[in-house]
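Engineer:
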Amino acid sequence: MNLFLQSLLSHVVIAALLAGLVYGVTRIWRNPQLSHALWVLVLLKLITPPLVTLPIPGLVSEADAPGAPIAQTALPLDSPVVGGARAEHSSQAVESRHNAHNAAFDLSGSFVGPAQEAVSGGSPLDWRRTLLAIWAAGSLVLIVVGLRRVRQFSLLISETSPADADVQRDAADLAQKLGLRCSPQVRIVQGAIPPVVWSLGIRPVILLPATLLPQLGRAEQLTILAHELAHIRRGDHWVRWLEALVFVLYWWNPCVWLVRRELNVVEEQCCDLWVVWLVPECRRAYAGAIVQTVEYLSNARAAMPLVASGLGRSFPLKTRITAILAESRTHRLPSPLRLGLAVVAVTGLSLSAVPGHSLARRAAAESVERPAAAAQTLDNGSQQEDDASSAEITKVAAIQTDGEKPGERTTGDKGEKDKAGAPKPALRGRLIARGFWFRSDMLDGKLAIASIDPETGAWKRLVDHADNFSVSPDGQTIAYAVDGALWNGDAATNANPGKIFNEAGHAVFSPDSRSMLVTTWKKKAGAPDDSNEYETTVWRMGIDGTAAVPIADLAGWGSIYDWSSDGRWLLAEKGRAIHLLRPDGKESRQIAKRGEHPKFSPDGQRVAYVKSWEGQIRVIEADGSNDRLVFQAPQMIMMHQARWSENGKHLAAVLMDLTYGNDGTTPILSADPKVSHPRVGIVDVATGEQRTLTLPRQEDWDFYPTGELEWLPAPK
Numbered sequence: 000m001n002l003f004l005q006s007l008l009s010h011v012v013i014a015a016l017l018a019g020l021v022y023g024v025t026r027i028w029r030n031p032q033l034s035h036a037l038w039v040l041v042l043l044k045l046i047t048p049p050l051v052t053l054p055i056p057g058l059v060s061e062a063d064a065p066g067a068p069i070a071q072t073a074l075p076l077d078s079p080v081v082g083g084a085r086a087e088h089s090s091q092a093v094e095s096r097h098n099a100h101n102a103a104f105d106l107s108g109s110f111v112g113p114a115q116e117a118v119s120g121g122s123p124l125d126w127r128r129t130l131l132a133i134w135a136a137g138s139l140v141l142i143v144v145g146l147r148r149v150r151q152f153s154l155l156i157s158e159t160s161p162a163d164a165d166v167q168r169d170a171a172d173l174a175q176k177l178g179l180r181c182s183p184q185v186r187i188v189q190g191a192i193p194p195v196v197w198s199l200g201i202r203p204v205i206l207l208p209a210t211l212l213p214q215l216g217r218a219e220q221l222t223i224l225a226h227e228l229a230h231i232r233r234g235d236h237w238v239r240w241l242e243a244l245v246f247v248l249y250w251w252n253p254c255v256w257l258v259r260r261e262l263n264v265v266e267e268q269c270c271d272l273w274v275v276w277l278v279p280e281c282r283r284a285y286a287g288a289i290v291q292t293v294e295y296l297s298n299a300r301a302a303m304p305l306v307a308s309g310l311g312r313s314f315p316l317k318t319r320i321t322a323i324l325a326e327s328r329t330h331r332l333p334s335p336l337r338l339g340l341a342v343v344a345v346t347g348l349s350l351s352a353v354p355g356h357s358l359a360r361r362a363a364a365e366s367v368e369r370p371a372a373a374a375q376t377l378d379n380g381s382q383q384e385d386d387a388s389s390a391e392i393t394k395v396a397a398i399q400t401d402g403e404k405p406g407e408r409t410t411g412d413k414g415e416k417d418k419a420g421a422p423k424p425a426l427r428g429r430l431i432a433r434g435f436w437f438r439s440d441m442l443d444g445k446l447a448i449a450s451i452d453p454e455t456g457a458w459k460r461l462v463d464h465a466d467n468f469s470v471s472p473d474g475q476t477i478a479y480a481v482d483g484a485l486w487n488g489d490a491a492t493n494a495n496p497g498k499i500f501n502e503a504g505h506a507v508f509s510p511d512s513r514s515m516l517v518t519t520w521k522k523k524a525g526a527p528d529d530s531n532e533y534e535t536t537v538w539r540m541g542i543d544g545t546a547a548v549p550i551a552d553l554a555g556w557g558s559i560y561d562w563s564s565d566g567r568w569l570l571a572e573k574g575r576a577i578h579l580l581r582p583d584g585k586e587s588r589q590i591a592k593r594g595e596h597p598k599f600s601p602d603g604q605r606v607a608y609v610k611s612w613e614g615q616i617r618v619i620e621a622d623g624s625n626d627r628l629v630f631q632a633p634q635m636i637m638m639h640q641a642r643w644s645e646n647g648k649h650l651a652a653v654l655m656d657l658t659y660g661n662d663g664t665t666p667i668l669s670a671d672p673k674v675s676h677p678r679v680g681i682v683d684v685a686t687g688e689q690r691t692l693t694l695p696r697q698e699d700w701d702f703y704p705t706g707e708l709e710w711l712p713a714p715k
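Residues in the sequence shown are numbered consecutively from 0, following numbering that gives the first Met the number 0.
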């Protein structure tokens, strides 16, 4: 939501600055064609995505508000980072570093941060959600009212008749002079409406009120036709659609109301110039036609839809008549000016405003480089310091490319040092991952489970041709599926493997490593072979497969993912939501509305889960509170699972590259080792620092993890 609000603010700021500039220019240089082009540019800016960001030093986001308190864990994405002049070595200082490290890329490649997003009740985000709800409600009302007006207007003009031959002939002659490829239809309508161009499709239609035409002479009718044809020649009916779209989206923005008013005024001025150019001998007749039309509409006027372009729109009448009778100006912009406007349009539409670097942002960035130093009072500094801070945050957020060395870190630290300057402690235990193993850059389709050193990335095959797997909490036993059956073996060497159950399934071990719950799936009886209708059974059994008993109350939960260290709760995913439930299935509660592959921390107090296609690792308290983002991958990176280290300080996940499918828009996994190679990302939960572990080629063999991962404790 913070990224969305920042993008929205960017559009509003740039559009407001542009509108102010245009307003000033049009008051100095009163050229209707130039004014119209510039006001259309402002409308386009509001719906054009930014390509280039422009820092605004005076624009400070809430996250950077000076004097704001230091962010706590439960604060939202844009919560403040730095508060006072000093930061001690406390949980607040750690949290400040965590916020800076998590200024990571979102899925569009833009910065988001700090990377903590509260979803619990009473969150400061509630007022933002309220404003967004009001915004959406207002837009919905405008859409409903607009559709109702279109329907009423369509009913009003449903019984039209073609204009007489003289009017059609005049329209054809004028259309030819204007350079239109074909003359639009002219229809006569019985309702009290102004002369108007109506277009719900590709071909616009000119509608003339039947009761007005008899009041006009032939010369006056000719000028009215010229006016409406000028609207079509200029493409004003398309501008009406643009105006309607922007108004529905930004009805709350005063800038949009100003633009609409000014646009309508200069649009009529432009059409007046076209009419005077087309029929210069009919100036007085045209002025008289406008006066008669205004008088005709003063008594009865139908509510016009936003997408209609007509002669009767609001405009200073005296100024307009004076200009028609007295002025002689060109009806088109000179070519050099049109070229200049095109350059301005390309430049202006590509810009986006971002908040300038504030004291808080710079302090947070410096705490990444010098985490042992206390935060100190900073002045505004120079732009060079700001750029250095921004570059440091980018360095923290970046993930390694394929060419990096195994075990190379991508944090802001200079080498593997802790905050006291000593070498960081080695990561203990072993990673167990499932994937393909292949030679000479060609996947050979052989699945394997491999053991990986979390420090060096060195790996060795543990089990060949196996499907999903689980490892017992004591790190001694691995259970895996092979050929439609469940097997187990020694987790370190897979010594003495054996079949323990005649159905393949996913196993979850009890905290004492003596029993397990196994979820199996069978196609429903009578279901077609190509259907996805399965029956789920959850079995409780010993780790050797003995004493298997189905638990009926767990059958409807699908996959069971983990068992808490105190043995009281299970983690399950149902309907994309994450739930806690009792091992007997008698009690359950939801802790996260959406997430995948949850895992208890070793102490059972927290739950890590992922949002795979969004590239997020999140952590939530086991009671469902304090849901927060701890890692955001760059665009086109996904992850399947996140697994805890034995001390609960790190999370590991396989980082997998995505590419676009044949349709050019749908992300799919990229499984070509010549193009990409998955890596294991290891994230410090407290600070958000991420190191990338690239798996080396060993004896001309590569291992290509597919996402399933476990982190075993070190041997006792």
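Heads up, the beta-carbon is just placed ideally off N, CA and C, and yes, glycines get one too.
Can you check the stretch 132-204 for any alpha helix (DSSP H) of at least 4 residues that lies completely inside it and give the ranges in chain order?
Structural biologist: You should have 164-177.
Engineer: Who are the near neighbours of L504 in its chain, counting only those whose CB is closer than 7 Å to its CB and skipping five residues on each side?
Structural biologist: Here residue 504 corresponds to residue number 505 of the sequence shown, with the count starting at 1. Before going further, note that residue 504 is Gly rather than Leu in the sequence given. Hits under 7 Å: A480, L485, V517, T518, T519.
Engineer: What are the boundary residues of the beta strand (DSSP E) that Q631 is part of?
Structural biologist: The residue you call residue 631 lines up with position 632 of the sequence shown. First-last of the beta strand (DSSP E) with Q631: 627-631.
Engineer: Drop a sphere of 10 angstroms on the beta-carbon of H751, count the other beta-carbons inside from all chains shown, and report buried for 16 or more, exposed for fewer.
Structural biologist: Outside the shown range of the chain, which is 0 to 715, sits residue 751, and nothing can be said about it.
Engineer: Which one or two residues does DSSP pair with H596 in a beta bridge?
Structural biologist: Stepping through the sequence shown from its first residue, residue 596 is reached at position 597. Note: H596 sits in no beta bridge, so no partner.
Engineer: Pull the bridge partners of T691 from the DSSP assignment, please.
Structural biologist: As a working note, residue 691 is residue 692 in the sequence shown. G680.
Engineer: Grouping DSSP H, G and I as helix and E and B as strand, with all else coil, what is G497?
Structural biologist: Taking the first residue of the sequence shown as position 1, residue 497 is located at position 498. Strand at G497.
Engineer: Roughly how many whole angstroms lie between the Cα atoms of P279 and L215?
Structural biologist: For the purposes of this step, residue 279 is identified with residue 280 of the sequence shown, where counting begins at 1. For the purposes of this step, residue 215 is identified with residue 216 of the sequence shown, where counting begins at 1. C-alpha separation (whole angstroms): 18 Å.
Engineer: Let's see if you can read the secondary structure: which residues bound the alpha helix (DSSP H) around E261?
Structural biologist: To locate residue 261, count along the sequence shown from 1; it is residue 262. Taken as a continuous stretch (DSSP letters only), the alpha helix (DSSP H) holding E261 covers 253-277.
Engineer: Check whether the stretch 254-263 touches the stretch 224-234, taking contact to mean three or more Cβ pairs, one atom from each stretch, closer than 8 Å.
Structural biologist: Too few Cβ pairs lie closer than 8 Å, so no.
Engineer: Rounded to whole angstroms, what is the Cα-Cα separation between R147 and Y659?
Structural biologist: What you label residue 147 is simply residue 148 of the sequence shown in a count that begins at 1. What you label residue 659 is simply residue 660 of the sequence shown in a count that begins at 1. The straight-line gap from Cα to Cα measures roughly 41 Å.
Engineer: Under DSSP, the alpha helix (DSSP H) around V606 begins and ends at which residues?
Structural biologist: Counting from one through the sequence shown, the residue named residue 606 turns up at place 607. V606 -> not in any alpha helix (DSSP H); beta strand (DSSP E) instead, spanning 605-610.
Engineer: Among the candidates V143, A432, K44, whose CA atom is the shortest distance from the CA of V470?
Structural biologist: If you number the sequence shown from 1, residue 470 lands on position 471. Of the candidates V143, A432, K44, the one whose C-alpha sits nearest the C-alpha of V470 is A432.
Engineer: Taking its Cβ as the centre, do 16 or more other Cβ atoms sit within 10 Å of W436, making it buried, or is it exposed?
Structural biologist: By 1-based counting over the sequence shown, the position of residue 436 is 437. Buried: at least 16 other Cβ atoms inside 10 Å.
Engineer: Would you tell me roughly how many angstroms separate the C-alpha atoms of I13 and Q268, rounded to the nearest one?
Structural biologist: Counting from 1 along the sequence shown, the entry for residue 13 is found at position 14. Counting from 1 along the sequence shown, the entry for residue 268 is found at position 269. Using only the alpha carbons, I get a separation of about 27 Å.
Engineer: Check whether the stretch 538-549 touches the stretch 490-506, counting contact only when three or more Cβ pairs, one atom from each stretch, lie closer than 8 Å.
Structural biologist: Yes, they touch.
Engineer: With a 10 Å radius around its C-beta and 16 neighbouring C-beta atoms as the bar for buried, classify Q634 as buried or exposed.
Structural biologist: In the sequence shown, counting from the first residue as 1, residue 634 sits at position 635. Exposed: under 16 other Cβ atoms inside 10 Å.
Engineer: Which ranges would you report for the beta strand (DSSP E) in the stretch 523-548 if only whole runs of at least 3 residues count?
Structural biologist: Listed in chain order, the complete beta strand (DSSP E) runs (minimum 3 residues) inside the stretch 523-548 are 533-541.
Engineer: For R232, which of W256, Q220, L272 has the nearest alpha-carbon?
Structural biologist: Counting from one through the sequence shown, the residue named residue 232 turns up at place 233. That would be L272, whose Cα lies nearest to the Cα of R232.
Engineer: Hey, is Y479 close to the ligand NAP, as in C-beta under 7 Å from one of its heavy atoms?
Structural biologist: This structure does not include the ligand NAP; it has no bound ligands of any sort.
Engineer: Going straight from the alpha carbon of A102 to that of L692, what length do you get?
Structural biologist: Taking the first residue of the sequence shown as 1, we reach residue 102 at position 103. Taking the first residue of the sequence shown as 1, we reach residue 692 at position 693. Its pLDDT being 35, under 50, A102 is placed unreliably by the model, and nothing is read from it.
Engineer: So, helix, strand or coil for G456, using DSSP?
Structural biologist: One-based indexing of the sequence shown puts residue 456 at position 457. Residue state, collapsed to three classes: coil.
Engineer: Can you give me the C-alpha to C-alpha distance between R617 and M655, rounded to a whole angstrom?
Structural biologist: Walking along the sequence shown from the start, residue 617 turns up at place 618. Walking along the sequence shown from the start, residue 655 turns up at place 656. When rounded, the distance between both Cα atoms is 17 Å.
Engineer: Out of A546, T545, G584, which one is the CA nearest neighbour of I559?
Structural biologist: For the purposes of this step, residue 559 is identified with residue 560 of the sequence shown, where counting begins at 1. Checking every option, the nearest Cα to that of I559 belongs to G584.
Engineer: If you draw a straight line from the alpha carbon of K317 to that of S34, how long is it in whole angstroms?
Structural biologist: On the sequence shown, residue 317 is found 318 positions in, with the first residue counted as 1. On the sequence shown, residue 34 is found 35 positions in, with the first residue counted as 1. Their backbone Cα atoms lie some 20 Å apart in a straight line.
Engineer: Just how far apart, CA to CA, sit R239 and W256?
Structural biologist: For this step, residue 239 is matched to residue 240 along the sequence shown. For this step, residue 256 is matched to residue 257 along the sequence shown. So the two alpha carbons sit approximately 14 Å from each other.
Engineer: From T210, V684, A136, pick the residue whose C-alpha is nearest to that of R642; which is it?
Structural biologist: On the sequence shown, residue 642 is found 643 positions in, with the first residue counted as 1. Comparing Cα-Cα distances from R642 to each of T210, V684, A136, the minimum goes to V684.
Engineer: How about S644 and D602: do their beta carbons lie closer than 8 Å?
Structural biologist: Looking up residue 644 in the sequence shown gives position 645. Looking up residue 602 in the sequence shown gives position 603. Not in contact: S644 and D602 (Cβ atoms no closer than 8 Å).
Engineer: Classify E219: buried if its beta carbon has 16 or more other beta carbons within 10 angstroms, exposed otherwise.
Structural biologist: Position 220 of the sequence shown, counted from the start, is the residue given in the question as residue 219. So E219 counts as buried.
Engineer: Per DSSP, which residues does D701 bridge with? Please list them.
Structural biologist: By one-based count along the sequence shown, residue 701 stands at place 702. Bridge partners of D701: F437.
Engineer: Sort out for me which residues DSSP pairs H649 with in a bridge.
Structural biologist: For the purposes of this step, residue 649 is identified with residue 650 of the sequence shown, where counting begins at 1. DSSP, once it has assigned bridges, lists D683 as partnering H649.
Engineer: Give the range of the alpha helix (DSSP H) segment to which T321 is assigned.
Structural biologist: As a first step, residue 321 must be located in the sequence shown, where it is residue number 322. Per DSSP, T321 belongs to the alpha helix (DSSP H) from 316-325.
Engineer: State buried or exposed for G614, treating a residue as buried only when at least 16 other CB atoms are found within 10 Å of its CB.
Structural biologist: Within the sequence shown, residue 614 is the residue found at index 615, counting from 1. With 16 or more Cβ atoms within 10 Å of its Cβ, G614 is classed as buried.
Engineer: Straight-line CA distance for A18 to L7?
Structural biologist: Position 19 of the sequence shown, counted from the start, is the residue given in the question as residue 18. Position 8 of the sequence shown, counted from the start, is the residue given in the question as residue 7. Using only the alpha carbons, I get a separation of about 16 Å.
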